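With mature numbering (1 follows the signal peptide of the UniProt record, and there is no 0) as the guide, the letters of the sequence shown map in order to residues -20 to -1, 1 to 414.
Worksheet: the structure to be examined is printed underneath.
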Amino acid sequence: MALPLTLLVALCLILARVASEGTAAQYCHPESPQAPVVFCVAANTRRNTTTQSTDLIVTFGHQRSQRGGWAAVGLGEGMFGALMFITYAQESSTDSKSPQSGDGASALMKYELIANLTDLVMSVRTGKGHFEPRPAAMLPEVETNMLSLNQSGWFQASFVCYGCHDWTSKPARSTLQPWIWAYNSVQHIKHASEQSRLAAHEYWGWFDLEMAEAQSTSASLTVPSIDETIPNQIIADKYGTEKTSSSWFGLHGGFLAVATMLLYPCGAVAIHSTSGTAFRTHLLFQIPASIGCLIGAAIALNVAIQKHSVNFLEPHILFGFTLLLTILLQSVLGYTHHEAFKLLRKTPWVTKCHRWLGRFVVLGGCLNVILGLQLAGASTVVLIFAGSVTFLDLILIACLSVIAPAKADVPTQEEGIDIDAVPFLDPEIDEKGM
């Protein structure tokens, strides 16, 4: 009887220990035509009695592309303010050589890449929007326990994030915690470090982890293991490809770039001309430009909602939203100025606000176009071209700002007529005013 009783006690102790350590929350992303990415995340938490905070223990693994690249997971609902864990490897110059022809070419290429990898890196970063995430001083302490890459290309990292509950978008003990992921399969990183510059992701998505049962009461550190046989907690994950959304964002940028860099400046030139049809020409530029801005904003908002990443504190989005409101206000002021002119009434504050808001829209729109191009990973040539157009628009606005006050100083022959608008509205008024 003594032996079975001893075995029973030992079994109870083992079960009690397992229960105290908790079960890791896990998510595995299967390969699919929309997102050919394979990765798994297993995570649990523990209460740190020393710091009186909640630590996060994570094991993250992914199938690395033969061409290189990087993979990342992060705490948060979008890139803005997310805490990201990014893994990548340094490659030697021989990594880029093409595989030989034959049935074993792919396997040969894979083993050559593995043999030439010199450094494995896990970089902890945060995002300030849809920009490249960067390391920052205020990030929590993260201790890497293991980095490995086997011959099949499986890259795995285990780490502890101390006090990570401060970075969760929901309370640490909430039932579901939102996570994001991203993947790049083509970037060659020649000199890998935690500060390495990273190219934009090709694929991205998000998922939720059920953390209610992943809370360990044990004081010891329990590193979770990935078990691919365990089904996902939440199967309705969402993901997308940058190729799909980038075409829509390209259309969004095209509408706004043409409107702010070309149409609005042309409309400003038209209203300062001496032609009797100047006002009508002004409208021919301004109305399509404003409609284009509204269409471009609607496209961006629709794609952002689908990507589950709307955050109006992101600089490009915040500035764009401000410009959109300014365009609407400036249009109302322009209409008010025109109606007052028809009644031969002066509205100097309306006219000045209309002009200065228009200048802000042109220059602010140009700058936001450049921000958008940076987000899209535009080439240096494209950025230089956009910067040159912005500089030309700046010179144009400066010249028009000098011309407008000079015209306002010209005496009128009839009290109540705004001489700055006389040539643009009515030829009969033009004759009386000039």
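We treat Cβ as the ideally placed atom computed from N, Cα and C, and that holds for glycine.
Since the structure is predicted, the reported quantities are computational estimates derived from the model, not experimental observations.
Rounded to whole angstroms, how far is the Cβ of threonine 148 from the Cβ of alanine 137, which I believe are closer than 8 Å?
-> Not a contact, Cβ separation roughly 20 Å.
Exposed unless 16 or more other CB atoms sit within 10 angstroms - verdict on alanine 280 = buried
Using the Cα positions of threonine 302 and glutamate 71, report the straight-line distance between them to the nearest angstrom.
-> 44 Å
If we call anything under 8 Å between Cβ atoms a contact, is serine 45 one with serine 132?
-> no
In terms of alpha-carbon separation, which member of Tyr244, Ile275, Gly276 and Gly272 lies closest to threonine 261?
-> Tyr244
Can you check whether the CB of alanine 69 is closer than 8 Å to the CB of aspartate 99?
-> yes
Close beta carbons around aspartate 373, own chain, < 7 Å, minus the five adjacent residues each side | Met241, Pro245, Val342, Leu343 and Cys346
Beta strand (DSSP E) segment containing arginine 105, residue limits | 100 to 106
Cβ of phenylalanine 40 within 8 Å of Cβ of glycine 54?
-> no
Residues bridged to glutamate 174 by DSSP?
-> Bridge partners of glutamate 174: none, in fact.
Evaluate aspartate 35 with the Cβ neighbour count: other Cβ atoms within 10 Å of its Cβ, from every protein chain shown; 16 or more gives buried, anything less gives exposed.
-> buried
Considering only the beta carbon of each residue, do alanine 356 and phenylalanine 235 sit closer than 8 Å?
-> no
In whole angstroms, what is the alpha-carbon distance linking cysteine 141 and glutamate 190?
-> 18 Å
Between Ile285, Phe265 and Ala179, which lies nearest to glutamate 57 when the distance is taken from Cα to Cα?
-> Ile285
Take phenylalanine 139 as the anchor and find which of Asn24, Leu293 and Ile271 has the nearest alpha-carbon.
-> Asn24
Beta carbon of isoleucine 37 nearer than 8 Å to that of valine 283 | no
Step through the CB atoms of chain D and report whether any lies within less than 8 Å of the CB of serine 132.
-> No chain D is present in this structure, which holds just one protein chain.
Measuring CA to CA, which of Val362, Ser103 and Ser253 is closest to alanine 172?
-> Ser103
Have a look at the DSSP bridge pairing and note the partners of asparagine 348.
-> Looking at the DSSP assignment, asparagine 348 forms no beta bridge with any residue, so it has no partner.
Neighbourhood of histidine 317 by C-beta, 7 Å cutoff - its chain only, sequence neighbours within 5 removed | Thr327, Val330, Thr331 and His334
Ends of the beta strand (DSSP E) at alanine 23?
-> 19 to 28
Find out if the Cβ-Cβ distance for the pair aspartate 207, glutamine 6 is shorter than 8 Å.
-> yes
Considering only residues of the same chain and omitting the five flanking positions on each side of alanine 237, which have a CB-CB separation below 7 Å?
-> Val349
Residues bridged to tyrosine 244 by DSSP?
-> Tyrosine 244 pairs with nothing; no bridge assigned.
Span of the beta strand (DSSP E) holding serine 128?
-> 122 to 129
Compare the C-alpha of histidine 9 against each of Tyr183, Gln310, Gly300 and Ile375 and name the closest.
-> Tyr183
Would you call tryptophan 336 buried or exposed, if buried means 16 or more other Cβ atoms sit within 10 Å of its Cβ?
-> exposed
One or two residues paired with tryptophan 159 in a DSSP bridge | Leu55 and Phe187
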